[in-house]
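Count the sequence shown with mature numbering (1 follows the signal peptide of the UniProt record, and there is no 0) and you get residues -22 to -1, 1 to 389, in order.
C-beta: ideal position from N, C-alpha, C; glycine also.
The block underneath contains the structure these notes are about, expressed in structure tokens.
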Amino acid sequence: MGHTLLGVLGLFLLNTLLYGHAEAGRRGVTLTADRTIIPLAGRVTLTCSVEDPAGFKYQWYRQTSDSAGETPPHTQNVDESNRVISQGKYTCRGWRNEPYVVIPDSNEVIIEETVSNRATLTLQPNWPQIFRGETITLRCDIKDGGDTEWTYEWLPDNLNTPPTHNEYRSISVTEAHSGEYRCKGRRDSYSSTEWSDVITLTVSSNRPKAELRADDRDIPVGGSVTLTCSVNSSSSGWKYFWYRGEKTSEPLTSQLSAGPIRVSKEGVYWCRGGRGEPVYYTEYSDSVTIYRKVPNKAVVTLQPNWSEIYRGERITLRCEIKDGGDTEWEYEWRTTSSEKPSNQNEQSIRSVSASHHVYRCKGRKNREKSSTDWSDPFKLTVSDSKSHHISFNVKILQFIKRLFIYNIFKE
């Protein structure tokens, strides 16, 4: 009888175990989280669930580092939820007493903890406009990071090529580098800072061209002129390289500057901007020719040299260089007239009018890069036509004649 009772009990236990294992095999446990990053002073809710959860309790496991094993069950709940405030790798397991069922571990859910340190992203050099071919560095700094050996994560993801340092350096940027960048520091596998603020990088495709201006093209005797080199106003950080003669010659290194320079020597000048390390150069500017003034004096003369010029007459203005010798001069004119003068030494006006006013001229020797000073202004006064002048004189004579005859008869 006793043996029979033990046999029945053994069969019952075996059946229970087999049933439990069979039911466990049909069931699966699923672990989910309402979010995977614990905010500062916040928490995350984990949910462990099985199909037909009646009677199930749950065991929770947490791994705190990649090398550590799982901690033993630290909590058991009648329901399926567990609110956690600590980082780690979590799993859960479901079990029930009647009938006895243990469901194997769930999927893993990694919960990260946000640390209070702040990540700051900076762009070096911090210029408002970046051009294709320049070198830039993005740097991620962790405030109060101390001696912690941080690793770094970047957005966009293509920057996360191991090892992930705190600097991302691009030797020659292209338009493909344009976009938004962020970074954060990671203290270990399960804790990190929040993402930094966004830096938006815009790379312009065209290399800029320098612009060269001169306050005067002629160096006065014993004086100098000011040259100003600039790059478009939306960019900054430029220093300027100056050239005299050929633009491929060595720069005037003593004249490297961030602002205007003064020159006292005639010649053809160029400039270009440079910035960064290694130096990124702009296109060369257009050339500006600077002349040295010579003592020869320019004078404007009138041909024919009549005392009075009438509207409609033909005249010639000539620029004469005193003691100019046989030098082949070129000429430059300034006038208040609407007509654009030529660069010849004579200006012919076929039909002069009242719009022709003041003229000045100067001579240049391009080969020697020298010029005279501007001549004294020549003021051209144009009277009304001769016919009007003659008609007026006839009327005056007729009036005098009538007055004379009147006086005779009166006597």
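Item                                                                                                                                                               : Value
In its own chain, which residues sit with a C-beta less than 8 Å from the C-beta of TRP307, not counting the 5 before and 5 after it?                              : ILE299, ASN323, GLY341, ARG342, LYS343
Tell me the rounded alpha-carbon separation between GLY201 and THR178.                                                                                             : 48 Å
If you reduce the DSSP assignment to three classes, tell me which class ALA236 lands in.                                                                           : coil
Could you tell me if ARG13 is buried or exposed, where buried requires 16 or more neighbouring beta carbons within 10 angstroms of its beta carbon?                : exposed
Take SER182 as the anchor and find which of ARG164, ARG195, SER213 has the nearest alpha-carbon.                                                                   : SER213
Measure from the alpha carbon of ASP301 to the alpha carbon of each residue in SER348, ILE63, PRO273, then state which is nearest.                                 : PRO273
Would you call the CB atoms of THR313 and TYR337 closer than 8 Å?                                                                                                  : yes
If you run the structure through DSSP and keep just helix, strand and coil, what is ALA276?                                                                        : strand
Quick check on the burial criterion: 16 or more other C-beta atoms within 10 angstroms. Buried or exposed for TRP216?                                              : buried
Find the nearest neighbour of ALA236 within the set GLY251, ASP125, VAL257, judged by alpha-carbon distance.                                                       : GLY251
Beta strand (DSSP E) containing LYS162: first to last residue?                                                                                                     : 157 to 166
ASN60: which of ARG74, LYS35, ILE81 sits nearest, CA to CA?                                                                                                        : LYS35
Let me check understanding here. Comparing Cα to Cα, which of VAL330, TYR218, GLY66 lies closest to LEU205?                                                        : TYR218
Whose C-beta lies closer than 7 Å to the C-beta of PRO198 among residues of the same chain, with five residues either side of it excluded?                         : LYS271
What three-state label does DSSP hand SER349 in the structure shown?                                                                                               : strand
Can you tell me which residues form a DSSP beta bridge with PHE219?                                                                                                : ARG250
ALA332 and ARG292 - do their beta-carbons sit closer together than 8 Å?                                                                                            : no
Ignore the nearest five residues each way along the sequence and tell me which others in THR42's own chain have a CB closer than 6 Å to its CB.                    : GLY66
Are SER348 and GLU244 touching if we call contact CB-CB under 8 Å?                                                                                                 : yes
Among the candidates ILE327, THR294, LYS225, whose CA atom is the shortest distance from the CA of TYR262?                                                         : LYS225
Rank GLY157, ASN136, SER156, THR129 by C-alpha distance to the C-alpha of ASN144 and give the top, closest one.                                                    : THR129
Would you identify the three-state DSSP class for ASP135, choosing helix, strand or coil?                                                                          : helix
Below 8 Å between beta carbons: does that hold for GLU112 and TYR258?                                                                                              : yes
Would you check if there are 3 or more beta carbon pairs closer than 8 Å linking the stretch 151 to 167 to the stretch 120 to 139?                                 : yes
For SER320, tell me which candidate among GLU310, ARG328, CYS26 has the shortest Cα-Cα distance.                                                                   : GLU310
Using three-state DSSP, classify GLU189 as helix, strand or coil.                                                                                                  : strand
Output the residue ranges of the beta strand (DSSP E) runs that lie fully inside the stretch 76 to 127 and measure 3 residues or longer, sorted by chain position. : 79 to 81, 87 to 92, 97 to 102, 114 to 120
Less than 8 Å between the CB atoms is what I'm expecting for ILE114 and SER148, so what's the real figure, rounded?                                                : 5 Å
Under the three-state reduction of DSSP, which class applies to LEU(-10): helix, strand or coil?                                                                   : Bear in mind that the predicted position of LEU(-10) carries a pLDDT of just 42, short of 50, making it too unreliable to give a figure here.
In this structure, does DSSP put GLU29 in helix, strand or coil?                                                                                                   : coil
Taking GLN325 as the reference, give the member of PRO355, THR294, LYS318 with the closest Cα.                                                                     : THR294
Going by other Cβ atoms of all chains shown within 10 Å of its Cβ, with 16 needed for buried, is ASN85 buried or exposed?                                          : exposed
How close, in whole Å, do the beta carbons of VAL87 and ALA11 come, if the pair is a contact with beta carbons under 8 Å?                                          : 5 Å
Taking only three categories from DSSP, how would you classify ILE368?                                                                                             : Caution is warranted here: a pLDDT of 49 is assigned to ILE368, below 50, making its placement in the model unreliable, and the coordinate value is therefore given only provisionally. Of the three classes helix, strand and coil, the one that applies to ILE368 here is helix, per DSSP.
Measuring straight from C-alpha to C-alpha, what distance separates SER316 and LYS357?                                                                             : 15 Å
For ASP125, count the other beta carbons within 10 Å of its own beta carbon; 16 or more makes it buried, fewer makes it exposed. Which is it?                      : exposed
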